[in-house]
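To keep things clear, I will list the structure first and then write my remarks on it.
There are 2 protein chains.
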Amino acid sequence: MNTTVSPTASGASTARRRLLDTATRLFYTEGIRAVGVDRIIAEAGVAKATFYNHFPSKDDLVLAYVNEQDRIGRDAVSALPEQRPPEMIAAVMGRISEAVVAGGWRGCPFLNAAAEYPDPKSPVRQAIDARRAWYHGVLRDLLQADGDPTPSVTASLLVALSDGLLEAAYLDDPAAVPALVGEALKRLLVRP
Amino acid sequence: MNTTVSPTASGASTARRRLLDTATRLFYTEGIRAVGVDRIIAEAGVAKATFYNHFPSKDDLVLAYVNEQDRIGRDAVSALPEQRPPEMIAAVMGRISEAVVAGGWRGCPFLNAAAEYPDPKSPVRQAIDARRAWYHGVLRDLLQADGDPTPSVTASLLVALSDGLLEAAYLDDPAAVPALVGEALKRLLVRP
DNA sequence: TCCTATTCAGACAGGTCTGTCTATTTGCAG
DNA sequence: CTGCAAATAGACAGACCTGTCTGAATAGGA
């Protein structure tokens, strides 16, 4: 083990970080299969050998991309101020509006990745499965605490609404989405 | 113009039909970029020159694929028996359940294609836009006839629910979707 | 200063991609 | 039978793909 921690060892190496940042931008805006390794290393300013030193294959980079997006989302939910279940549900769903009004929205990165990874046993799909299970679980627990008689069913509906509104923000009108989030919550949550 | 109609001219040529059928199956189950022209012509049993005789480029085949899926969906809705608006809405949304329980569901072909076509000006994306506008319009008109005070908003929510449930059938549990469709309708439709 | 790990640029292999082209064969209409 | 339109197999070009490898340059810690 290390007795001293080098300055760079406290965080990820800058080469790896630049690769992941560049890949995230390109994968998200243009699609995963559409972006080659040569393009990523060129725009990241990293040599090819360095790339394959950090990521054994392109699929490992894709997996790192998906996992990081997942982690960012979970951290954002963890960082939400504590509040009572109804407000907490609204805050969790409100992240949709925030993501969408920022501009440059190109759809849910998980749904986009799933469209390009048909094999449900692939690591990318497993990561997406875990992400979806986490999101459903967060909503289900909040709904249960709120006294919803069928929290799992309502959670499934909220997950579907989330996915659908994220796609609507990509393919239809992003500006209309925040109001739709509020309207959906009003109608889907059964008041006990 | 033709004075006599040859037997094959009454329908599309069999080569073109086989190409489109094969492409539909492969594009849907494996993804568009993931399937090459060589593979399509091999499985369709068609020569390469014949392929490029029917479709100037691969993208034209993709467009034909998306357009045909669109036409099939519209025809299915047109073929629904006439009934009063609430039942008609349930019937339109019920197509989700039918599509999903059949097995082999790999997500909404339009959302999957949109994930691989980032340029909103591309013909494929334009076709997807038209499809979405049609679907929203169908629901909006039915809701208006049903006396919904905000038919466009409700229609947007139903479109989002449709998209989300189609993705849930792909990524989560298809068997759970039919019940969710019914539950969503119960909660989203505002009774005047 | 030396050592070790990292990074660099870029060639290279082997495969796949789309699209073009040649040259032959098939099949139907007149 | 003749002629034309369409389909055939397959080579080919040029680009791009992932992944490997070579050999040199760089930088920070002991």
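Respectively, the protein sequence lines represent chains V and R.
Going by our numbering, the first sequence opens with residue 10, and the numbers climb by one from there.
Going by our numbering, the second sequence opens with residue 10, and the numbers climb by one from there.
In this text, a Cβ means the ideal position worked out from N, Cα and C, and glycines have one as well.
Under 8 Å between C-beta atoms of residue i and residue j
| i | j | result |
| --- | --- | --- |
| R/Ala124 | V/Asn121 | yes |
| R/Ser106 | R/Val168 | no |
| V/Ile41 | V/Val71 | yes |
| R/Glu176 | V/Asp172 | yes |
| V/Leu8 | V/Leu170 | The question about residue 8 of chain V has no answer, for chain V in this structure spans 10 to 201. |
| R/Thr38 | V/Pro127 | yes |
| V/Phe60 | V/Val46 | yes |
| R/Ala136 | R/Asp84 | no |
| V/Trp114 | V/Ala53 | no |
| R/Val110 | R/Pro158 | no |
| R/Ala88 | R/Leu194 | no |
| V/Val101 | V/Val147 | yes |
| R/Ala73 | R/Leu29 | yes |
| V/Asp181 | R/Arg141 | yes |
| R/Arg27 | R/His63 | no |
Beta-carbon neighbours of residue i, restricted to chain V and to distances below 7 Å
| i | result |
| --- | --- |
| R/Glu176 | Leu120, Asp172 |
| R/Asp181 | Arg141 |
Beta-carbon contacts of residue i that lie in its chain and below 6 Å, excluding the five residues immediately before and after
| i | result |
| --- | --- |
| V/Pro201 | Confidence at V/Pro201 is low in this model, with a pLDDT of 48, below 50, so the placement of that residue is unreliable and no value is reported for it. |
| V/Thr23 | none |
| R/Pro160 | Arg149, Leu152, Gln153 |
| V/Met97 | Leu151 |
| R/Gly103 | none |
| R/Ile81 | none |
| R/Pro118 | Tyr37, Gln78 |
| V/Gly112 | none |
| V/Pro16 | With a pLDDT of 36 at V/Pro16, under the threshold of 50, the modelled position of that residue is not reliable, and the figure given next carries that caveat. Result list for V/Pro16: empty, nothing under 6 Å. |
| R/Val14 | Its pLDDT being 34, under 50, R/Val14 is placed unreliably in this model, and the value from its coordinates should be taken loosely. Result list for R/Val14: empty, nothing under 6 Å. |
Residues near residue i by beta carbon distance below 8 Å, same chain, minus five either side
| i | result |
| --- | --- |
| R/Ser165 | His145 |
| V/Ala56 | Ile50 |
| V/Val44 | Ala32, Leu35, Phe36 |
| V/Glu192 | none |
| V/Ala139 | Asp79 |
| R/Arg48 | Leu35 |
| V/Lys202 | The structure shown does not extend to residue 202 of chain V, since chain V spans only 10 to 201, so no value can be given for it. |
Neighbour list for residue i in chain R, Cβ cutoff strictly below 7 Å
| i | result |
| --- | --- |
| V/Pro127 | Thr38, Glu39, Gly40, Arg115 |
| V/Glu192 | Val162, Leu166 |
Chain-ordered chain R contacts of residue i [CB-CB under 8 Å]
| i | result |
| --- | --- |
| V/Ile137 | Leu180 |
Sequence-distant residues of its chain with Cβ nearer than 7 Å to residue i (five each side left out)
| i | result |
| --- | --- |
| V/Pro94 | Leu151, Ala154, Asp155 |
| V/Gly116 | Leu175, Glu176, Tyr179 |
| V/Leu143 | The sequence given here places Trp at residue 143 of chain V; Leu does not occur at that position. Within the same chain, V/Trp143 has close Cβ partners Arg83. |
| R/Leu189 | Leu174 |
| R/Ser66 | none |
| V/Arg134 | Ala123, Tyr126, Asp128 |
| R/Ala108 | Trp114 |
Residue i: contacting residues in chain V (beta-carbon distance under 9 Å)
| i | result |
| --- | --- |
| R/Arg25 | Result: empty, since nearest Cβ-Cβ is about 26 Å, beyond 9 Å. |
| R/Arg196 | Thr163, Leu166, Arg196, Leu197, Leu198, Val199 |
| R/Ala123 | Gly116, Asn121, Ala124, Glu176, Tyr179, Leu180 |
Chain-ordered neighbours of residue i on chain R, where CB pairs are closer than 9 Å
| i | result |
| --- | --- |
| V/Leu189 | Val162, Ser165, Leu166, Ala169 |
Listed by chain order, chain V residues near residue i by CB distance under 8 Å
| i | result |
| --- | --- |
| R/Ala185 | Ser165 |
At a CB distance below 8 Å, what residues from the segment 36-68 of chain R approach chain V? Give them in sequence order. Of all residues in the segment 36-68 of chain R, Thr38, Glu39, Gly40, Arg42, Ala43 have a Cβ within less than 8 Å of some Cβ in chain V.
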